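In the working numbering, the protein residues as written are 562 to 731. Built from N, CA and C at the ideal position, the CB exists for glycine as well. Predicted model, so just to flag it, every value in this text is computed and none were measured.
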Amino acid sequence: MRDNGRVDAGESNAGESDTGESNPSDPAQQSWYDAFGGSAFFARLVSSFYGYVAQDPILRPMYPEGDLAPAERRLRMFLEQYWGGPTTYNDERGHPRLRMRHAAFPIDTQARDRWLLLMAHAVHEQGLEQRLEDELWTYLVGAAFAMQNIDDQDSPASALPLIEPPTARS
Ligand code: HEM
Numbered sequence: 562m563r564d565n566g567r568v569d570a571g572e573s574n575a576g577e578s579d580t581g582e583s584n585p586s587d588p589a590q591q592s593w594y595d596a597f598g599g600s601a602f603f604a605r606l607v608s609s610f611y612g613y614v615a616q617d618p619i620l621r622p623m624y625p626e627g628d629l630a631p632a633e634r635r636l637r638m639f640l641e642q643y644w645g646g647p648t649t650y651n652d653e654r655g656h657p658r659l660r661m662r663h664a665a666f667p668i669d670t671q672a673r674d675r676w677l678l679l680m681a682h683a684v685h686e687q688g689l690e691q692r693l694e695d696e697l698w699t700y701l702v703g704a705a706f707a708m709q710n711i712d713d714q715d716s717p718a719s720a721l722p723l724i725e726p727p728t729a730r731s
């Protein structure tokens, strides 16, 4: 979790007092949430991502609900809260405990990388300023790696019996 939800002030004005007020004209006072573009930004990002999930043969079957809208809303609320926006996620769902909440879904390297690929498209479409895109992307990559809960050697494919190659048969 980000502990302050504030945009890094940069070298020139780092360390100045933080009133806790969001001030879009001064990056030192602006939350990441505001810098990204507030609720409209997160709504666009997550809507685009779930548009891709809806058509994805690896991720779509992992979602237990037929309707993806509630899952889309949960991800949006979580990301808004993480980046310093409204804390609706916590109010409705309690502490995120995301690794625990993902334990029911077998996430291997393939699922993790597909999640990141679809999210990369969604992030890129938003046309963020480079430093904001970098900050968001670094976080998402770390979070996706943390959510992986199956090592490749534990995946069902590796449990298949070893079949002798045809040349070894007489
Ligand atoms: C690595 C690949 C990932 C896969 C395959 C995956 C898949 C899923 C699935 C199937 C659900 C259940 C749908 C629901 O009921 O909400 C879910 C929920 C959720 N995911 Fe992921 N996820 C991944 C990574 C992430 C990452 C990186 C984040 C955060 C940055 C995230 C945030 C969430 C949130 C907030 C929920 C709703 C939790 C709740 O309140 O119940 N997921 N995910």
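- About 18 Å separates the Cβ atoms of R673 and Q616, ruling out a contact at the 8 Å cut-off.
- Short of 6 Å from the beta carbon of L677, and not among the five residues preceding or following it, lie these beta carbons of its own chain, in chain order: A705.
- Runs of the alpha helix (DSSP H) lying entirely within the segment 642 to 703, each at least 4 residues long, are 649 to 654, 659 to 663, 670 to 686 in chain order.
- Short note on P622: C-beta not closer than 7 Å to any heavy atom of ligand 1.
- The criterion of a C-beta distance shorter than 8 Å is not satisfied by F603 and E653.
- If you check the C-beta of A632 against ligand 1, you find a heavy atom less than 7 Å away.
- Proximity of the beta carbon of Q709 to ligand 1 is indicated: a heavy atom of the ligand is located closer than 7 Å.
- The alpha carbon of R637 has as its nearest neighbour, out of G599, T670, I668, the alpha carbon of G599.
- Between A707 and R660, the C-beta gap is smaller than 8 Å, which places the two residues in contact.
- Going by beta carbons, V684 and L606 fall inside the 8 Å limit.
- Approximately 6 Å separates the beta-carbon atoms of I668 and I711; this is inside 8 Å, confirming the contact.
- When distances are taken from the beta-carbon of E686 to the heavy atoms of ligand 1, even the shortest one reaches 7 Å or more.
- Within the same chain, A683, E686 come within 6 Å of S609 by CB-CB distance, once the 5 residues on both sides are set aside.
- Spanning the alpha carbons of G627 and T728 requires a straight line of approximately 47 Å.
- By the neighbour-count criterion, in which a residue is buried when 16 or more other Cβ atoms sit within 10 angstroms of its Cβ, G645 is buried.
- Between ligand 1 and W676, a heavy atom-to-CB distance of less than 7 Å is present.
- Inclusion of F597 and L679 in the CB contact set at 8 Å is not warranted, their separation being larger than that value.
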